[in-house]
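Position 19, counted from 1, in the sequence shown is what the UniProt record's numbering calls 19; the numbers after and before it change by one each time, with no gaps. Every residue gets a Cβ at the ideal spot worked out from N, C-alpha and C, and that includes glycine. Each remark here refers to the structure printed beneath this line.
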Amino acid sequence: NPNKVDDIDQVSVEALFVGSQVTMYGVMEGYLSRLVTMFMQQLAGQLYSHADDYKCAPLDWRLDDRWSDLYGTGGLVDLRMIQQKSEVQEKYLLKGVSQMWEALVFSTAADLWGDLPYSQAVNSLYTEPDFDSQRSIHNATISLIDAAIENIERGQAFSSLNDFTFSGNQEKWVSCARTLQARITLNWAEVNGAAAYTQALALAQQGISDPTGESDWKPFHQAGSDGEESIWHQFFDENLYVMGAGALLV
């Protein structure tokens, strides 16, 4: 089959990055975002099928699929490959942006699940990777963001079409990086005390400050284009009345 890709080297690092962005949009906008709103009672499932969401079963195909997205094709395994190939090809901006995606997705995953395989994940040396603690994952992603900033500031000749977020704008990515560090730091403020609030504030002041929202880290969507609207919108447009307002909807 001439259309079948048998070797990752047949795929350009830019094309691999495009695919990863699409996968990560699904992780951040899809089932997990709806599940969290149900647990927070912002929304409530109104059909029988949602009963399983509240059972927290140890094996659940919906969550299993999300873990496949986190680690599999388009997820961590491809993000790490992008970083490796970008380093070799001296595409440092691309490497830094892919590190930002890794930091966003896995800091969020640690928010949701706590302990996760991370430091040994997608490494063939570890067939049964250890679960890292939530704190260690958050600390690791903060350090990863520092590395991402260094790579982003090094720059490169980069096609804006490959970065769906900021079209390769270094300044916006660095501001976004500091904002993400502030968010992760703030997660631990009630544990670490006043110093964490001070640190988070200092990071936030280096972060996104554009009041128009044009510098926010937003997914790329096109209204009115079938299959390219917000995943949240697509779900509710195709599944009327499956969820309704919960007790705490603002």
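The Cβ-Cβ distance between V13 and S86 falls below 7 Å.
Under the three-state reduction of DSSP output, A200 falls in the helix class. Here the C-alpha atom of V122 lies approximately 11 Å from the C-alpha atom of L70. DSSP places A44 in the uninterrupted beta strand (DSSP E) bounded by 43-45. If you check the CB distance, D132 and S119 come in under 7 Å. Unbroken alpha helix (DSSP H) runs of no fewer than 4 residues, entirely contained in the stretch 162-199, are found at 170-187, 189-192, following chain order. For G244, no alpha helix (DSSP H) segment is defined; the enclosing uninterrupted segment is the beta strand (DSSP E) at 243-245.
Taking G244 as reference, the option from Q42, D78, R66, N139 with the minimal CA-CA separation is Q42.
Per DSSP, reduced to three states, the secondary structure at L70 is helical. Residue burial is scored here from C-beta neighbours: C56 has fewer than 16 other C-beta atoms within 10 angstroms and is therefore classed as exposed.
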